[in-house]
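Reading through the structure tokens given below for one structure.
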Amino acid sequence: MRLLLSVLLGLCLAWPAFAKGTGLIFVSLERGNEVVVLNPDLSVKARIETSRRPRDMRFNEAHTFLYVACGDDDVIDVIDVATLQVVDSIPTGPSPEIFVFSPDETQIFVSNEEDSTMEMIDVASKTVIDRVATGAEPEGVINSVDGKYVFVTSEVADMVHVIDRAKSAVVKNIIVGTRPRRFVVTPDGAELWVSDELSSEIHVIDIATLTIKDALSFVPPGFRAEDVTPVGMAVTKDGSKILITLGRANHLAIIDAKTHEILTYALVGSRAWDVDLASDEKTAYVTNGLSDDITIIDMDSMTPIQSLSVGRTPHSIRVDD
Amino acid sequence: MRLRHLLPVFALLAFPALGDVLKIGHLSLLKDPRYGQDWGYARLITPPPVITAEAARMAVSDLQFTTDAVGVSVKLDTQAVTSADVVAAAQKMVAAGDDYLVLDLPADEVKAVADALKDQPVLLVNATAPNDSLRTACYPNMVHSGPSRRQEMDAFTQYLRSMNWTDVLILEGEHPDDAGLADAFATSAERLRLAIVDRRPFTLANDPQNREGNNIRLLTGDIDYDVIFVADTRGEFGRFIPYASLLPRPVIGSIGLVAAPWHWAYERDGATQVSSRFDKLTGRKIQPPDWDVWIAVKSIITSVMKVPQPYPPLVRGFMTSNKLKLDGSKGVTLNYRAWDGQLRQPILLGTSDAVIVVAPVQGFSHQTNTLDTLGTDEAEFVCD
Chain Y
17 MRLLLSVLLG
27 LCLAWPAFAK
37 GTGLIFVSLE
47 RGNEVVVLNP
57 DLSVKARIET
67 SRRPRDMRFN
77 EAHTFLYVAC
87 GDDDVIDVID
97 VATLQVVDSI
107 PTGPSPEIFV
117 FSPDETQIFV
127 SNEEDSTMEM
137 IDVASKTVID
147 RVATGAEPEG
157 VINSVDGKYV
167 FVTSEVADMV
177 HVIDRAKSAV
187 VKNIIVGTRP
197 RRFVVTPDGA
207 ELWVSDELSS
217 EIHVIDIATL
227 TIKDALSFVP
237 PGFRAEDVTP
247 VGMAVTKDGS
257 KILITLGRAN
267 HLAIIDAKTH
277 EILTYALVGS
287 RAWDVDLASD
297 EKTAYVTNGL
307 SDDITIIDMD
317 SMTPIQSLSV
327 GRTPHSIRVD
337 D
Chain Z
-12 MRLRHLLPVF
-2 ALLAFPALGD
8 VLKIGHLSLL
18 KDPRYGQDWG
28 YARLITPPPV
38 ITAEAARMAV
48 SDLQFTTDAV
58 GVSVKLDTQA
68 VTSADVVAAA
78 QKMVAAGDDY
88 LVLDLPADEV
98 KAVADALKDQ
108 PVLLVNATAP
118 NDSLRTACYP
128 NMVHSGPSRR
138 QEMDAFTQYL
148 RSMNWTDVLI
158 LEGEHPDDAG
168 LADAFATSAE
178 RLRLAIVDRR
188 PFTLANDPQN
198 REGNNIRLLT
208 GDIDYDVIFV
218 ADTRGEFGRF
228 IPYASLLPRP
238 VIGSIGLVAA
248 PWHWAYERDG
258 ATQVSSRFDK
268 LTGRKIQPPD
278 WDVWIAVKSI
288 ITSVMKVPQP
298 YPPLVRGFMT
308 SNKLKLDGSK
318 GVTLNYRAWD
328 GQLRQPILLG
338 TSDAVIVVAP
348 VQGFSHQTNT
358 LDTLGTDEAE
368 FVCD
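Residue numbers (the numbering used here), protein chains in the order written: chain Y, 17 to 337; chain Z, -12 to 371.
Dropping the structure here:
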């Protein structure tokens, strides 16, 4: 039995891509210049010092590395998930904020908010392959499911740039609400959801036609429309629910992705910012930028279970599971 | 638990036709006394002079992606003239086709231009004259992008109330604007039931026969108070008050804790990006009047793109409705008040290098829009 266990363990170590993740929760602290790592029981496992102003984070597909965009040092730091050390840094343009990998993981697409570009960086050689000019303060970046397009928001130009990857060029600008921030793409690849922070809206874009098909607004009870400043979003794997942080309205909205009806508002901390789902989708995690904490939401009951202080200005949260 | 479906916004937006030119004028004063070299408007010693035309250019460039997308080209016409020439210059700009004029002028010059152009179908944006008298003048073709004095004073009094610093000593200079500032503070203080323990005039001279007017220890003695409000719009004496009062008390107003629409050190809500873009473009730190002009130009361009016809009176109507959702990088959506054409906006209370609090201060509420706790509210507003 013991032998069998160690063989299994050996197999797991040999193929980390197929292993169940560590269950660790990573939170980037924009002002703390560190990524705090929580155990599944929410105790602090480690605090990893990063370059300055760590913001968006992404795992590679195998979850062996966590990449962290560090806005004040113009790099994407690479954290080894096994050793919890920064092992590499990829230089970017000024003030990287949000990024994604290309579907084949060979490139990083990153918005550089201070020089109004989206950069395409080759991961292996750490060199810039191309730059695409965007409106001022580009933020959200996401791929279409087929990898044909990269979408980028410009917070100042109030638009979504549609970038054709093959051409490295903007092929369409879609004007949305005021101060568009982040995206989700529905798993069927049909819809692009955009959060408009200052007009308190969500725009739903049909990816096939690249046109707006709906605009939604949400007002939790006791709030006014102008209190609602949506930013982060997450979608369940079956595409049935979309989670949206409502910023200053201090709630997470959980939406039926098909009917666009609101399912519930879950109370979270001050200026709810980013949201991520555990892979079993039983739990959602929200970062609260103004109360320096995270809120854990039980997805079955869609209610908050606990809020936990993590450090200065939590920006993004990712779960390795 | 209500979800509102909005109509697809795209269908509602009627953009100006392709190839349209939007002409915006920017009129400022040569050697504006408010921007004297040794006394920056933000109460900082700012060696490079404030030239707000740079902020106007930044707004045009910020929105160029959007204007290009809808086929509008923005032409900015910047003029700096002497006080005697402002009216003629404004008339000339309008005659040359500037339908929108951003005025970076002191109150007297704003009034002169507004009186001369009040029957014209143009839109005037008073960017930097805080005087409430320009609001109550109710010019039909004017809006105000920079804060009114009353907005700034209400920010102070909300903060004092929240700190429970209720007794205020006012020190005021000899310039008529100083009395105006002190009056505005007193009006605001009265609304929040703060006590003005005394108003004392200050003179900048060493005449031994007027020691009570020029000696700071005498000027601040013989009475108790929680805080000193300094009304010194020309920067004559204010900077000598902190750390020099008889009682150890904080100083606010024209020095110390200052109310302003913007602060280069404001770090939230994407403010840093605006400040650092400005820094890169001009090589100097952004000052409050730069923000006033930037947001003025931004409001014009944003609104022109959202009205069916780019006709200034229509644009003004749109600006003063809740349909305008303007992003001033201050965390909330901004638009102009219907009753006085004043931009609703948060006010920052800051020192020389930090923002201490953003008003509306937490806890102050309003029946329709919290931003209306700052400035003259609809119920109390009357045109002259």
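Cβ coordinates follow ideal geometry from the N, Cα and C atoms, glycine included.
Those residues which DSSP pairs with Y/I188 across a bridge: In the sequence as displayed, the identity of residue 188 of chain Y is Lys instead of Ile. The partner list for Y/K188 (beta bridge, DSSP) reads Y/V178.
Z/Y28 burial status per 10 Å Cβ neighbour count (16 or more: buried): Legend: pLDDT at Z/Y28 = 49, less than 50; position of this residue unreliable, no value from coordinates given.
Within chain Y, the residues that Z/K310 reaches when beta carbons sit closer than 9 angstroms: In chain order: nothing, as chain Y lies at least about 10 angstroms away.
Beta-bridge pairing of Z/M45 - partner residues as DSSP gives them: Z/M45 pairs with nothing; no bridge assigned.
Distance between beta carbons of Z/I228 and Z/I239, contact taken as under 8 angstroms: Their Cβ separation, rounded to whole angstroms, is 10 angstroms, which puts Z/I239 and Z/I228 out of contact at 8 angstroms.
Whole alpha helix (DSSP H) elements within the region 288 to 365 of chain Z, 4-residue minimum: 299 to 306
Beta-carbon separation (whole angstroms), Z/L179 vs Z/Q138, contact threshold 8 angstroms: Actually they do not touch by this definition, with Cβ atoms about 14 angstroms apart.
Near-chain Z residues of the region 160 to 180 of chain Y (beta-carbon distance less than 9 angstroms), N- to C-terminal order: Result list: S170, E171, V172, A173, D174, M175 and H177.
Cβ-Cβ distance between Y/I271 and Y/I258 below 8 angstroms: yes
Cβ distance (whole Å) where Z/L234 is taken to contact Z/D211 below 8 angstroms: 7 angstroms
Cβ of Z/R264 within 8 angstroms of any chain Y Cβ: Yes, its Cβ sits closer than 8 angstroms to a Cβ of chain Y.
Proximity test, Cβ basis, 8 angstroms: Z/D209 and chain Y: no
Classification of Y/S317 by the beta-carbon crowding that lies within 10 angstroms, buried from 16 upward: exposed
Y/F34 in three-state terms, based on DSSP: Model confidence at Y/F34 stands at a pLDDT of 43, short of 50, so the residue's coordinates are unreliable; what they give is reported in the following sentence. Three-state result, Y/F34: helix.
Cβ-Cβ distance between Y/M136 and Y/D120 below 8 angstroms: no
Test: Y/G285 CB closer than 8 angstroms to a CB of chain Z: no
Residues near Z/A76 in its chain [Cβ-Cβ closer than 8 angstroms; skip 5 each side]: If we look at Z/A76 and ignore the five residues flanking it on each side, its Cβ neighbours are L14, Q66 and V68.
Below-8 angstroms beta-carbon distance, Z/V68 vs any chain Y residue: no
Closest by C-alpha distance to Z/F189, when choosing among Z/A166, Z/G133 and Z/K310: Z/A166
Completely contained beta strand (DSSP E) runs for the region 131 to 177 of chain Z, where each covers 3 or more residues: 154 to 159
Contact list for the region 329 to 361 of chain Z against chain Y, Cβ threshold 9 angstroms: T355, N356, T357 and L358
Test: Y/N128 CB closer than 8 angstroms to a CB of chain Z: Under the 8 angstroms criterion on CB atoms, Y/N128 is classed as non-interfacial with respect to chain Z.
Length of the line joining the Cα atoms of Y/R328 and Y/P70: 11 angstroms
Simplified DSSP state of Z/I210, which is helix, strand or coil: coil
Of the residues Z/V302, Z/F224 and Z/N202, the one placed nearest Z/K285, counting alpha carbons only: Z/V302
The region 105 to 114 of chain Z in contact with the region 243 to 262 of chain Z per 3-pair CB rule at 8 angstroms: Verdict: no, contact absent.
Under 8 angstroms (Cβ pairs) to chain Z, residues found in the region 193 to 204 of chain Y: G193, T194 and R195
Members of the region 35 to 65 of chain Z near chain Y, C-beta cut-off 7 angstroms: D49, L50, F52, T53 and A56
is_contact[Y/N49, chain Z] using C-beta, thresh 8 angstroms: no
Under 9 angstroms by beta carbon: chain Y residues contacting Z/T269: The premise fails here: Z/T269 is roughly 15 angstroms from chain Y at the closest Cβ pair, so nothing lies under 9 angstroms.
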